[in-house]
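Protein chains: 2
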Amino acid sequence: MKDLNRDPALEQIEHEVVMLLRRADFKKTLDGAENNLFRSGYLILNLLQQTSPLAVRELADHFQLDVSTVSRQIKALENRHLVERRIGEHDGRVNQIFITDAGKRSVVKLKKERLMVYDSLLAGWSEEEKAVFADHLARLNRKIESRHRLH
Amino acid sequence: MKDLNRDPALEQIEHEVVMLLRRADFKKTLDGAENNLFRSGYLILNLLQQTSPLAVRELADHFQLDVSTVSRQIKALENRHLVERRIGEHDGRVNQIFITDAGKRSVVKLKKERLMVYDSLLAGWSEEEKAVFADHLARLNRKIESRHRLH
DNA sequence: TATTTTAGTTGTATAATACAACTTGTTTGC
DNA sequence: GCAAACAAGTTGTATTATACAACTAAAATA
Numbered sequence: 001m002k003d004l005n006r007d008p009a010l011e012q013i014e015h016e017v018v019m020l021l022r023r024a025d026f027k028k029t030l031d032g033a034e035n036n037l038f039r040s041g042y043l044i045l046n047l048l049q050q051t052s053p054l055a056v057r058e059l060a061d062h063f064q065l066d067v068s069t070v071s072r073q074i075k076a077l078e079n080r081h082l083v084e085r086r087i088g089e090h091d092g093r094v095n096q097i098f099i100t101d102a103g104k105r106s107v108v109k110l111k112k113e114r115l116m117v118y119d120s121l122l123a124g125w126s127e128e129e130k131a132v133f134a135d136h137l138a139r140l141n142r143k144i145e146s147r148h149r150l151h
Numbered sequence: 001m002k003d004l005n006r007d008p009a010l011e012q013i014e015h016e017v018v019m020l021l022r023r024a025d026f027k028k029t030l031d032g033a034e035n036n037l038f039r040s041g042y043l044i045l046n047l048l049q050q051t052s053p054l055a056v057r058e059l060a061d062h063f064q065l066d067v068s069t070v071s072r073q074i075k076a077l078e079n080r081h082l083v084e085r086r087i088g089e090h091d092g093r094v095n096q097i098f099i100t101d102a103g104k105r106s107v108v109k110l111k112k113e114r115l116m117v118y119d120s121l122l123a124g125w126s127e128e129e130k131a132v133f134a135d136h137l138a139r140l141n142r143k144i145e146s147r148h149r150l151h
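Put into structure tokens, the structure is as follows:
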């Protein structure tokens, strides 16, 4: 086996990723100042804006989350009238989740805010650099997702 | 103002970062399978391994966390005998936090495990790509940190 | 039809975090 | 030199995100 302690880039990636992850809990910095939608809700609405309706199960599969987690997140969005649910016509167990107009407006607004934050965080980066970074992040995420899929 | 919706790289970065952040709560994938040390404890021990002792306040400043947060994290590490605290000699308010030998062994072991995870996640990446990615992550993190510093 | 499978909810637990209230020391200012 | 102000930490409380287990209800299957 290769000596992992002799790969400074790898070490730095490990360190920087864990530091970045820590920011996840740090709402004010990365989630936008005045938003009233959190990470989970944002991601769900974002997906529902593209494809709606989706069942709770489908959302959970898409994000590789436990159904119970998504169930609660949907409940929170529903309480705020950002999504609606209807019982599946052909299957009474299924809850079809629809994004509401208010939900669409919310997600558009929040996305705009978030893009402004990122634009300012990445001020000074060339388009080339941003494209490369986006690609690297995507590669890492897809790999993490594929690992997760194998339990 | 530039039209942010016309910058696909920026949009992708925004999306991939939020997706990656979500993994933060997903311990099994990124924190290593059999570890018994979580993100917060790992980062603290890692720092203490380099410079020890540090006061609770100093740790909080370093990580830009609330002192109460660090106080609890230290308590957890102390319960597991990975750190020790001594009252400051010149200032009875200060708690000097020392990493123990067990703490050092733990962090070395966990770091090795984590590097193996990252090595496998980044299998197929060239050294050049890893170096560029590390640099990009570091730039983003430093920028996030500097924003945070301005409250 | 009886059994099994599937969709979703609810109970419980954990990790990480912030803010506010509090205690205990240390400085400072008169 | 003492009272007031300040600083370091801890503890109480709340929030977000999550998983796993136990449960209910509906559908599929045998």
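If you read the protein sequences in the order shown, they are chains A and B. For what it's worth, UniProt numbering labels the leading residue of the first sequence as 1, then goes sequentially. For what it's worth, UniProt numbering labels the leading residue of the second sequence as 1, then goes sequentially. From the three backbone atoms N, C-alpha and C, an ideal C-beta is built for every residue, glycine too.
For His148 (chain B), tell me which candidate among A:Ser40, A:Gly88 and A:Leu121 has the shortest Cα-Cα distance.
Here residue 148 (chain B) corresponds to residue number 148 of the second sequence, with the count starting at 1. The shortest C-alpha separation from His148 (chain B) is found at A:Leu121.
Leaving out the 5 sequence neighbours to the left and right, which residues in its chain are closer than 6 Å to Val88 (chain B) when beta-carbon positions are compared?
The count along the second sequence starts at 1 and reaches residue 88 (chain B) at position 88. The displayed chain sequence assigns Gly, not Val, to residue 88 (chain B). For Gly88 (chain B), where only same-chain residues beyond five positions count, the Cβ hits under 6 Å are Val94 and Gln96.
Can you name the residues of chain A whose CB is closer than 8 Å to the CB of residue 156 (chain B)?
This structure leaves residue 156 (chain B) out entirely; chain B is present only between 1 and 151.
Among residues of its own chain, excluding the 5 on either side of Arg142 (chain B), which ones have a beta-carbon nearer than 6 Å to its beta-carbon?
The sequence position of residue 142 (chain B) within the second sequence is 142, counting from 1. Cβ within range, chain order: n/a, list empty.
Could you list which residues in chain A have their beta carbon closer than 7 Å to that of Gln12 (chain B), in chain order?
For this step, residue 12 (chain B) is matched to residue 12 along the second sequence. Neighbours of Gln12 (chain B) on chain A, chain order: Ala134 and Ala138.
Any idea if Phe133 (chain A) is buried or exposed, counting beta-carbon neighbours within 10 angstroms, 16 or more meaning buried?
Position 133 of the first sequence, counting from 1, holds the residue named residue 133 (chain A). Around the C-beta of Phe133 (chain A), 16 or more other C-beta atoms lie within 10 Å, and the residue is accordingly described as buried.
Just to confirm, are Leu82 (chain A) and Phe63 (chain A) a CB contact at a threshold of 8 Å?
As a working note, residue 82 (chain A) is residue 82 in the first sequence. As a working note, residue 63 (chain A) is residue 63 in the first sequence. Their beta carbons are not under 8 Å apart, which means Leu82 (chain A) does not touch Phe63 (chain A) by this criterion.
With DSSP collapsed to three states, give me the class of Leu47 (chain B).
Counting from 1 along the second sequence, the entry for residue 47 (chain B) is found at position 47. In the three-state reduction of the DSSP assignment, Leu47 (chain B) falls in the helix class.
I need the DSSP call for Gln96 (chain B), collapsed to helix, strand or coil.
Counting from 1 along the second sequence, the entry for residue 96 (chain B) is found at position 96. Of the three classes helix, strand and coil, the one that applies to Gln96 (chain B) here is strand, per DSSP.
Nearer than 7 Å: is that true of the beta carbon of Pro53 (chain A) relative to any heavy atom of the ligand SAH?
This structure lacks the ligand SAH; in fact it carries no ligand of any kind.
Tell me which residues share the same chain as Gln73 (chain B) and place their Cβ nearer than 7 Å to its Cβ, disregarding the 5 neighbours each side in the sequence.
By one-based count along the second sequence, residue 73 (chain B) stands at place 73. Cβ neighbours of Gln73 (chain B) beyond the five flanking positions: Ser40, Gly41 and Ile44.
Any beta carbon from chain B within less than 8 Å of Val70 (chain A)'s own beta carbon?
Position 70 of the first sequence, counting from 1, holds the residue named residue 70 (chain A). Not closer than 8 Å to any Cβ of chain B, the Cβ of Val70 (chain A) fails to qualify, so no.
According to the neighbour-count rule (16 or more other Cβ atoms, all chains shown, within 10 Å of its Cβ), is Asp101 (chain B) buried or exposed?
For the purposes of this step, residue 101 (chain B) is taken as the residue at position 101 of the second sequence. Exposed, because fewer than 16 other Cβ atoms sit within 10 Å of the Cβ of Asp101 (chain B).
Report buried or exposed for Ala9 (chain A), applying the criterion of at least 16 other Cβ atoms within 10 angstroms of its Cβ.
Stepping through the first sequence from its first residue, residue 9 (chain A) is reached at position 9. Burial call: buried.
Would you please state the rounded distance, in angstroms, between the beta carbons of Gln49 (chain B) and Val107 (chain B)? I believe it to be under 8 Å.
Within the second sequence, residue 49 (chain B) is the residue found at index 49, counting from 1. Within the second sequence, residue 107 (chain B) is the residue found at index 107, counting from 1. The beta-carbon separation of Gln49 (chain B) and Val107 (chain B), rounded to 5 Å, stays under the 8 Å limit for a contact.
Between which two residues does the beta strand (DSSP E) carrying Arg86 (chain B) extend?
Stepping through the second sequence from its first residue, residue 86 (chain B) is reached at position 86. Arg86 (chain B) -> beta strand (DSSP E) spans Val83 to Ile87.
Cβ of Glu16 (chain B) less than 8 Å from any chain A Cβ?
By one-based count along the second sequence, residue 16 (chain B) stands at place 16. True, the Cβ-Cβ gap to chain A drops below 8 Å.
How is Leu122 (chain B) classed by DSSP in three states: helix, strand or coil?
Counting from 1 along the second sequence, the entry for residue 122 (chain B) is found at position 122. In this structure, Leu122 (chain B) counts as coil in the three-state DSSP scheme.
At the level of alpha carbons, what is the spacing between Val117 (chain B) and Asp119 (chain A)?
The residue labelled residue 117 (chain B) in the question sits at position 117 within the second sequence. The residue labelled residue 119 (chain A) in the question sits at position 119 within the first sequence. Roughly 31 Å separates the two Cα atoms.
Evaluate Val17 (chain A) with the Cβ neighbour count: other Cβ atoms within 10 Å of its Cβ, from every protein chain shown; 16 or more gives buried, anything less gives exposed.
Walking along the first sequence from the start, residue 17 (chain A) turns up at place 17. Counting Cβ neighbours within 10 Å, Val17 (chain A) comes out buried, since at least 16 surround it.
Within 10 angstroms of its Cβ, does Ala123 (chain B) collect 16 or more other Cβ (buried), or is it exposed?
Here residue 123 (chain B) refers to the residue found at position 123 when the second sequence is read from its first residue. In this structure Ala123 (chain B) is exposed. Its beta-carbon is surrounded by fewer than 16 other beta-carbon atoms within 10 angstroms.
Looking only at its chain, what residues have a beta carbon closer than 6 Å to the beta carbon of Glu84 (chain A), apart from the 5 residues adjacent to it on each side?
Position 84 of the first sequence, counted from the first residue, corresponds to residue 84 (chain A). In the same chain as Glu84 (chain A), and ignoring 5 residues on each side of it, the C-beta atoms closer than 6 Å to its own belong to Phe98 and Thr100, in chain order.
For chain B, is any of its Cβ atoms less than 8 Å away from the one on Ile44 (chain A)?
On the first sequence, position 44 is the one that residue 44 (chain A) refers to. Contact of Ile44 (chain A) with chain B is not assigned, every C-beta pair being separated by 8 Å or more.
Span separating the alpha-carbon of Glu14 (chain A) from that of Leu20 (chain A)
Taking the first sequence and counting its residues from 1, one reaches residue 14 (chain A) at position 14. Taking the first sequence and counting its residues from 1, one reaches residue 20 (chain A) at position 20. If you take the alpha carbons of Glu14 (chain A) and Leu20 (chain A), they lie about 10 Å apart.
Please report the distance separating the alpha-carbon of Gln12 (chain B) from that of Lys104 (chain A).
For the purposes of this step, residue 12 (chain B) is identified with residue 12 of the second sequence, where counting begins at 1. For the purposes of this step, residue 104 (chain A) is identified with residue 104 of the first sequence, where counting begins at 1. Gln12 (chain B) and Lys104 (chain A): Cα-Cα distance of roughly 19 Å.
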